[in-house]
Every structure is written in C-alpha cells, then in structure tokens.
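Enquirer: Residue numbering for the sequence shown follows the numbering used here, starting at 2 and increasing by one per position.
Note that beta-carbon positions come from the ideal geometry of N, C-alpha and C, so glycine has one too.
On a predicted model such as this, the values are computed, not experimentally measured, just so you know.
Sending over a structure as structure tokens; questions will come in a sec.
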Amino acid sequence: MSLETSAATSAPLPVLETEQDILARAKKASGRRKRNIWALRAVIVVVLLGAWELAATYWIDPFFYSKPSLIWHRLVEWIGKGTDFGSIWYQILVTVEEAVIGFVLGAIAGVVVGVILGRSAYLAEVLAPFIKAANALPRIVLAALFVIWFGLGLSSKVATVFVLVFFAVFFNAFTGAREVDRNLIDNARILGATRGQVLKSIVLPSATSWILSSLHVAFGFALIGAVVGEYTGAKAGMGFLIANAQGTFDTAGVYAGMLIITVVALLAEWGISTLEGRLLRWRPAMSTDQGRGDI
Numbered sequence: 002m003s004l005e006t007s008a009a010t011s012a013p014l015p016v017l018e019t020e021q022d023i024l025a026r027a028k029k030a031s032g033r034r035k036r037n038i039w040a041l042r043a044v045i046v047v048v049l050l051g052a053w054e055l056a057a058t059y060w061i062d063p064f065f066y067s068k069p070s071l072i073w074h075r076l077v078e079w080i081g082k083g084t085d086f087g088s089i090w091y092q093i094l095v096t097v098e099e100a101v102i103g104f105v106l107g108a109i110a111g112v113v114v115g116v117i118l119g120r121s122a123y124l125a126e127v128l129a130p131f132i133k134a135a136n137a138l139p140r141i142v143l144a145a146l147f148v149i150w151f152g153l154g155l156s157s158k159v160a161t162v163f164v165l166v167f168f169a170v171f172f173n174a175f176t177g178a179r180e181v182d183r184n185l186i187d188n189a190r191i192l193g194a195t196r197g198q199v200l201k202s203i204v205l206p207s208a209t210s211w212i213l214s215s216l217h218v219a220f221g222f223a224l225i226g227a228v229v230g231e232y233t234g235a236k237a238g239m240g241f242l243i244a245n246a247q248g249t250f251d252t253a254g255v256y257a258g259m260l261i262i263t264v265v266a267l268l269a270e271w272g273i274s275t276l277e278g279r280l281l282r283w284r285p286a287m288s289t290d291q292g293r294g295d296i
C-alpha cells in the first residue's frame, strides 16, 4: 500500500451537521437578533428621555414642555393616590370599555358591508358616492354632534369609535373580497357550490388577511375615537382626564395620560397580533431573509 493511499485512508471524514444542529443554530441566531433589537430600542428610549430631561432642565421651560421626571411623578401620584376624579384604573376602564364596544361593533359592520359590496359590483357602484361622502366628514364634528344627540355617557363615545373603526375595516374588507381569485369561484360554482358556500369557504378565508391587517389600525382609531369623544364632553375617562389637565395647565398630566393610552394601545396590538398568528397559521411563513429588506 502506498503512502498516499495510507494517508487518505487515515484522514478523518468531515462531520455533517444534523437537522437538530441547524435548527439550534438558527434559534440561537434569532434569539441574539431579538436581544440586539430590544437593546437598541432601550438605548433609543434612554437617549430621547435623557435629552428631553436635560433640555427641560437647562434650556426650555418645563411649564410648557414638562419633562420625564415630572411625568413619572404624576404617574406615581395617579397610581398611588388616584386622580381628582377617582381611581386611575376607573378612568382607564371607562376609555377601554368605550373603545372595545365601538371597535367590536364597527369591525363587524365593516366586515359585513365590505364583503357584501366587494362581491356586488352593482351595489358598490350605487353606494360609492355616499360612502365616500360619509368618510369625508370630519370626525371631530361628528363627535360633537354625537354628544348633543346621545349625551355625555357611553353612547356618544361608542358612536364616535364606531365611525372611525367602520371605515378602517370596511375598505380593507371590500378590497379583500374583490381580490379573490375568480378561477377559484368559477371552479366552486362548477362543482355545485352555492353563493353561501362560496362566501364561507373561499371569499372570507381569502379576505381574512386583509381584514386582520386592518384591525391593527382600527383599534388605534378606536382609542382615538374614545379619547376624542371624552375630550369633547364626558364625565370620566382618559380623554376627560387629559382635557382637565390641559385646562389646569398640567403639562405633565397631559403627557401622563397620553403615555397610559399608548401602553393600552400596545397591549391591544400584542393581543391582535397573537390572534392574527393563530388564525393565519395555515398561511406559509415568509422567509426571514425576505422580510429584512432595507427601507
């Protein structure tokens, strides 16, 4: 046996990665990327708040712009001692109740009307100018009218939220219903499917991603509608609290109210994203690399 043959025989074979090794490495890289993202977000928040605190301490008047330390003090006061109008948790509950009721009603109505008009070109053509005119109405004026019509209670706030949410969901549901592959519908009709079966089995599943994507924006509009309604006229709620803080020149209170609303919106966004992930579990996942394009 030659020396070359002996050396080739004794050389170690390359070790191939198993599927578990590949998955473990990908999971580790994903975890490292998420930690880096959260660390960068934390740095941005710290820098912004620090710059604001320094600017309000040495250069700008905190009476008009407040500063993070004063806002934190107001939040601690509200949580620990309550507001001048009762517990802060009661104020949050009032606003969330108005937003959730209006959101649910507006989303259901938006989906139903959007899908019906999306599948009926004749009805859509007839009602198009009326829908566009209604969507063009200024919401702040509608909120004032709703207070006159329904009073300072829950109904006027729900009506304001309903209007904002309805149009946000309607246009997406309308587009989603129209974007359904016509060949799928024709094949289903050939196989004997009724209109109801086509709507249930083809149109609604196809429009689901459109509808769910609109809900992210719609709940933000729901909170805006509730706050605007309370700001226009109310007996309780975060909008009422912010309006009172503005009336007493409590800039820290205005920012504290805005911060609480932002936290509620982020929690709602997390819940909607979780729901979307479960309902769209059947959809093929997008490649991570595909979703990392530069802006």
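I believe residue 116 touches residue 204 by the beta-carbon criterion, under 8 Å. Please report the beta-carbon distance rounded to the nearest angstrom.
Expert: Taking the sequence shown and counting its residues from 1, the one referred to as residue 116 is at position 115. Taking the sequence shown and counting its residues from 1, the one referred to as residue 204 is at position 203. Sure, about 7 Å apart at Cβ, within 8 Å.
Enquirer: At what residues does the alpha helix (DSSP H) containing residue 78 begin and finish?
Expert: Residue mapping note: residue 78 aligns to position 77 of the sequence shown, counting from 1. Residue 78 -> alpha helix (DSSP H) spans 69-82.
Enquirer: By the DSSP assignment, the alpha helix (DSSP H) with residue 211 in it spans what residues?
Expert: By 1-based counting over the sequence shown, the position of residue 211 is 210. It spans 205-233 - the alpha helix (DSSP H) in which residue 211 sits, taken as one unbroken run.
Enquirer: For residue 202, which option in 151, 185 and 72 has the closest C-alpha, if you only look at C-alpha atoms?
Expert: As a first step, residue 202 is located in the sequence shown; it is residue number 201 there, counting from the start. Ranking the options by Cα distance to residue 202, first place goes to 185.
Enquirer: Report yes if the C-beta distance between residue 231 and residue 238 is below 7 Å; otherwise report no.
Expert: In the sequence shown, residue 231 corresponds to position 230, counting from 1. In the sequence shown, residue 238 corresponds to position 237, counting from 1. Yes, Cβ-Cβ distance for residue 231 and residue 238 is below 7 Å.
Enquirer: Look at the alpha carbon of residue 229 and the alpha carbon of residue 31, and state the distance between them as a whole number of angstroms.
Expert: The residue given as residue 229 occupies position 228 in the sequence shown. The residue given as residue 31 occupies position 30 in the sequence shown. Spanning the two alpha carbons is a distance of roughly 41 Å.
Enquirer: Check for me: the alpha helix (DSSP H) holding residue 157 runs from which residue to which?
Expert: For this step, residue 157 is matched to residue 156 along the sequence shown. Residue 157 -> alpha helix (DSSP H) spans 155-179.
Enquirer: For the stretch 247-254 and the stretch 71-83, state whether three or more C-beta atom pairs, one from each stretch, are separated by less than 8 Å.
Expert: In short, these stretches touch, since the Cβ pair count reaches three.
Enquirer: Work out the CA separation of residue 151 and residue 171 for me, nearest whole Å.
Expert: One-based indexing of the sequence shown puts residue 171 at position 170. One-based indexing of the sequence shown puts residue 151 at position 150. About 24 Å.
Enquirer: Which partner residues does residue 87 have in the DSSP bridge list?
Expert: As a first step, residue 87 is located in the sequence shown; it is residue number 86 there, counting from the start. Its beta-bridge partners are 84.
Enquirer: Can you tell me whether residue 51 is buried or exposed? The criterion is at least 16 other CB atoms within 10 Å of its CB, across all chains shown.
Expert: Counting from one through the sequence shown, the residue named residue 51 turns up at place 50. Flag for residue 51 reads exposed.
Enquirer: The alpha helix (DSSP H) spanning residue 243 covers which residue range?
Expert: Here residue 243 is taken as the residue at index 242 of the sequence shown, counted from 1. From DSSP, the alpha helix (DSSP H) with residue 243 extends over 239-248.
Enquirer: Starting from residue 133 and walking both ways along the alpha helix (DSSP H), at which residues does that stretch end?
Expert: Indexing the sequence shown from 1 puts residue 133 at position 132. Note, residue 133: alpha helix (DSSP H), 122-137.
Enquirer: Is DSSP giving residue 292 helix, strand or coil here?
Expert: Working through the sequence shown from its first residue, we reach residue 292 at position 291. In this predicted model, residue 292 has a pLDDT of only 44, less than 50, meaning its place in the structure is not dependable; the value taken from the coordinates is given anyway. Three-state DSSP puts residue 292 in a helix.
Enquirer: Grab me the residues of residue 58's own chain with a C-beta within less than 8 Å of its C-beta, minus the 5 sequence neighbours each way, in chain order.
Expert: On the sequence shown, residue 58 is found 57 positions in, with the first residue counted as 1. Cβ neighbours of residue 58 beyond the five flanking positions: 68.
Enquirer: List the endpoints of the continuous alpha helix (DSSP H) containing residue 149.
Expert: The residue you call residue 149 lines up with position 148 of the sequence shown. Note, residue 149: alpha helix (DSSP H), 140-151.
Enquirer: Residue 168 and residue 160 - do their beta-carbons sit closer together than 7 Å?
Expert: Translated into the one-based positions of the sequence shown, residue 160 becomes position 159. Translated into the one-based positions of the sequence shown, residue 168 becomes position 167. No, they are not a contact pair.
Enquirer: Can you check which of these residues, 114, 93 and 155, is closest to residue 263 by C-alpha distance?
Expert: For this step, residue 263 is matched to residue 262 along the sequence shown. That would be 93, whose Cα lies nearest to the Cα of residue 263.
Enquirer: Residues in its own chain within less than 6 Å of residue 240 by CB, not counting five upstream and five downstream?
Expert: Position 239 of the sequence shown, counted from the first residue, corresponds to residue 240. Taken in chain order, the residues that qualify are 228, 231 and 232.
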